[in-house]
Amino acid sequence: MNKSFKDDVSIVICGEAGQGVQTIEKLLIGVFKGASLHVFATKEYMSRVRGGSNSTEIRVSSLGKRSYLKRIDLLVALDKDALGHLADRITAETVIIGEKEILQADREIIDVPLSKIAAEEGSGIFANTAAAGFVLSLFRINRELLSGFINGLFAAKGPEIAAKNISAAGKGYDIGTRLLSEGGIEINVRADAAVKDHIILSGAEAVALGAAAGGCDFVSAYPMTPSTGILTYLSKHSGDLGIITEQAEDEISAVNMVLGAWYAGSRGLVITAGGGFALMVEALSLSGMLESPLVLSVGQRPAPATGLPTRTEQGDLENVLYSGHGEFPRIILSPGTVEEAFYLSQKAFDLADRYQVPVIILSDQYLADCYHDLASPDPAALPVTKYVVKTDKGYRRYSFTVNSDGVSPRGIPGNGEGLICADSDEHDEEGHITESAPVRKKMVDKRLSKLEFLKREVIPPDLYGPADYETLIVGWGSTFGAIKEALDAAGRKDTAYLHFKQVYPLHPSTGGYLKKAKRTVIVENNATSQFGRLIKMYTGLDIDRRILKYDGSPFSVEELTEEFKKL
Amino acid sequence: MTETNSNAFDMGNIDIAWCPGCGNFGILNTVKEALTELGIKPENLIVVSGIGQAAKTPHYLKTNFYNGLHGRALPPATAIKAVNPGMTVIVESGDGDIYGEGGNHFIHALRRNPDITVIVHNNMVYGLTKGQASPTSQIGFKTQIQTGGVFEEPFNPLAVAIALNASFVARAFSADMEKTKQIVKKAVANKGFSLVDIFQPCVSFNKVNTFQWFKENTYYLEDAYSPYDRQEAFRRAVETGKYPLGIFYINKDKKAFEDNQGVYREGKEPLWSRKSAAVDKVRALLEEMK
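Listed in order, the protein sequences are those of chains U and B.
Using our numbering, the letters of the first sequence correspond one by one to residues 1 to 567.
Using our numbering, the letters of the second sequence correspond one by one to residues 1001 to 1290.
Here it is in structure tokens:
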């Protein structure tokens, strides 16, 4: 064996669900980060609790790369199925690490006797730390760092378990060190001192913390992949944050609870996936009629119906754009990175409260589950401003006299002498049922006119690349990382990339950007180019070329680099 | 329509969208009086309803109200009470709204046990949509939809509530205003989910379960009846023959949903009134992710 990896190493761990992929992942990420190496992780997993084949890719790089690579440099294969499962990603250059007897591979592998090591410590479960120790030794990670981390990770299980894990890891480490000394493998990734002060954050955690930073104090959700992690995080820290979290009996209850919470003065978040959002549609319409703020985190996954529950897609843009009977304004934010997930989730509450509209944070499984080191986002970036007013006697919730943000000032029960009357029927200024045609028309106009006001705050798209581009690539949401890296790798000096973190309303500069280009290309993780259609609707412009992927996996840097080179 | 003394909840001369003779009038006046006698003020009250004739009730008294979606009164009522527990929260809707469209929420709100009072205007028919059967319609009840007569087992809300070990379960009859008022007062004062299923006639669409029919087919639980025995309460709730009226079951051993929330461990101020320490708290959590 004679392999050399420099500056950017893609490690993939693959095994059955429940076999320990997550344990190895946690160890590697933690120790790499402790050694001041940039790390990025993304996972793909099956919709099952045991068995099957799941994998995590950990990318260790000198420059902090944060996108999905198809290429596998080091494959830690925990079972035979791993090789078949990842067949289209394994090349002659891939170093396969595992147990010869278990893998029965028809090519060269590095045979690490994980089972034997584990047996020596008394249980098959120790195979995972042995594998981690082996991998870490190839990066010449300090042994003490590894032991220290293991102690921390297994502290809850007691010193004996921690010691066994350290012993197993050490044995794996020794085997790796021997391989290094034989010159079989050479890995060179530069540490970056900045990583010491970085945090590790996932997309799901970013949404959770961003929402908390936005003043969220009431959360309701029905568990659904890929969004459950947000509820889990907020529930775990509900005490720290001083918030209420409640698992609802169904999605209809969750969203209606959150609307009740907003009515009574709280800032509520409902968390769901595309299919769960489908059940919330009537309540979305209610938020329009009540003119109630509402923040929904919607994680997309391949549909229709149950689809591929644990995989990724950008197939629900039109779902969240058009859903809800009747006509009323909304905002759709589309974070593309972990940082954007934090800041946009925070901003969502400000926008919802200020303009009294539903705000949808639209993300996907890929973003929810990816995590990496980054400089900590700053929760003080947007101070919490509450737009609720104290009411006087005779207060009218739906007064035609709107404020400078285009809304009837919003009172809440118990804050002043006014009574707060909210009604899902068409209503008069006091909030009582009316069937008067002129009042109806005025109320519709009032609700729709909020759109003009909230347009003042539409987030402009970000342009990457030459200002005098000839070709313009358009993308939204989590395709950001792969597009940007592929564009750099493709080395085109005539191509720029426009990244949208708010897809609706569409920023007015969009048409101008597109018209400037000789040729436009859109990249989307869906089958029908939904954002392309939205762009056409609001600018009148067709996109020349579509690059679409809808097999349940995210775009890889390699495939987009190929596409961009060919343009 | 019966006369009432003017009280803080009166709306004066307003257009009420109920048919003359509707049982809702009696319930409305009963509730107004009950609230007045309990010393509750409009600004401290929030009435939550779904959709239907009964659900229009909050428009006809002076109060804060949230008149939401059909079947979906219990989730917002739960959340409203959870984020502002100092408010009195009452749900008023019909049998179709609470037991049909909102059936799942009925079950789980009982489990959650928020301190709210749920007054169900039970007329065994769908009034606003003009005469279809409701979950509580009796077997044999003929409508334009159930042309051969209902053959499905009527929903028994009292039995279901007792099966879920509810905090307070009662049934009343809208025409007996004094007795209904006493039951409603006890329900509101009770801490926890307090169900009052109030029989009422629908003069327009239910020609079977009329005022007379209810008078002849109900009776009050005896004075000696003790509402603290769950088995006995269940037995009475599934009696065939005349329907018992009164307080069937009281369960004092339950903690209200709000009291299980950590946010109220130190104090009971509503969440909206608390100073936001979001920045510091989030910063601390981000620090933990290093």
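We put the beta carbon where it would ideally sit given N, CA and C, even for glycine.
Residue pairing by DSSP places CYS421 of chain U opposite B:PHE1065 in a beta bridge. At least one CB atom of chain B sits nearer than 9 Å to the CB of TYR263 of chain U.
Under the 10 Å beta carbon count, ILE535 of chain U is surrounded by 16 or more other beta carbons and is classified as buried.
Residue environment for LEU63 of chain U: exposed (fewer than 16 other C-beta atoms within 10 angstroms of its C-beta). For the C-beta of GLN1231 of chain B, not a single chain U residue is nearer than 9 Å; the gap to the nearest is close to 27 Å. Taking the CA atoms as reference points, LEU1028 of chain B sits about 24 Å from PRO1085 of chain B.
Judged by DSSP in its simplified three-state form, ILE109 of chain U adopts coil rather than helix or strand. Taking C-beta atoms as the reference points, ALA496 of chain U and LEU463 of chain U count as a pair closer than 9 Å. Distance from the Cα of GLN356 of chain U is smallest, within the candidate group U:ILE109, U:SER345, U:PHE342 and U:ARG397, for U:ARG397. GLY1096 of chain B is positioned such that its CB atom lies no closer than 9 Å to that of ARG1072 of chain B. Within chain U, the residues GLY260 have their CB atoms less than 7 Å from the CB of ALA1077 of chain B, given in chain order.
The CB of CYS421 of chain U comes closer than 9 Å to the CB of PRO1058, HIS1059, THR1063, ASN1064, PHE1065, TYR1066 and ASN1067 in chain B, given here in chain order.
For ASN1044 of chain B, the closest Cβ of chain U is nearer than 9 Å. Just measuring C-alpha positions, the residue of U:ALA82, U:ASN165, U:MET289 and U:ASN256 sitting nearest GLY152 of chain U is U:ASN165. According to the DSSP secondary-structure assignment, SER10 of chain U is paired through a beta bridge with U:ARG59. Taking a Cβ-Cβ cut-off of 9 Å, LYS1207 of chain B has no neighbours in chain U, whose nearest Cβ is about 28 Å from it.
The beta carbon of ILE1116 of chain B sits no closer than 9 Å to any beta carbon of chain U. Remark: C-beta atoms of ARG71 of chain U and ILE11 of chain U do not approach each other more closely than 9 Å. Cα atoms of ALA1017 of chain B and THR337 of chain U: separation of roughly 53 Å, rounded to the nearest angstrom. Using a Cβ-Cβ distance cut-off of 8 Å, the stretch 230-238 of chain U and the stretch 1046-1059 of chain B are not in contact, since fewer than three pairs of beta carbons, one from each stretch, lie closer than that value. Bridge partners of GLN247 of chain U according to DSSP: U:ALA221.
Annotation for GLU186 of chain U: the continuous beta strand (DSSP E) segment containing it runs 185-188. When Cβ-Cβ separations below 9 Å define contact, VAL359 of chain U makes no contact with chain B.
Counting only Cβ-Cβ distances below 7 Å, ARG1072 of chain B has contacts in chain U at ILE252 and ASN256, in chain order.
Annotated three-state conformation of VAL281 of chain U is helix, per DSSP.
With contacts defined as CB atoms closer than 9 Å, VAL1169 of chain B and ALA1082 of chain B fail to qualify as a contacting pair. TRP1018 of chain B carries a coil assignment under DSSP once its states are collapsed to helix, strand and coil.
For VAL389 of chain U, the enclosing beta strand (DSSP E) begins and ends at 388-391. Against chain B, the CB of ILE412 of chain U has a partner CB under 9 Å away; the residue lies at that interface.
Rounded to the nearest angstrom, the gap between the Cα atoms of ASN1104 of chain B and GLU249 of chain U is 8 Å. A Cβ-Cβ contact shorter than 9 Å links LEU284 of chain U with LEU294 of chain U. For TRP1018 of chain B, no chain U residue has a Cβ inside 9 Å of its Cβ, as the nearest lies near 13 Å away. The C-alpha of GLY1246 of chain B is placed about 15 Å away from the C-alpha of VAL1118 of chain B. In the structure shown, THR1147 of chain B adopts coil according to DSSP, grouped into three states. Rounded to the nearest whole angstrom, the CA to CA distance from HIS38 of chain U to MET224 of chain U is 31 Å. Residue-level contact by beta carbon fails for ILE58 of chain U and chain B, as no gap is shorter than 9 Å.
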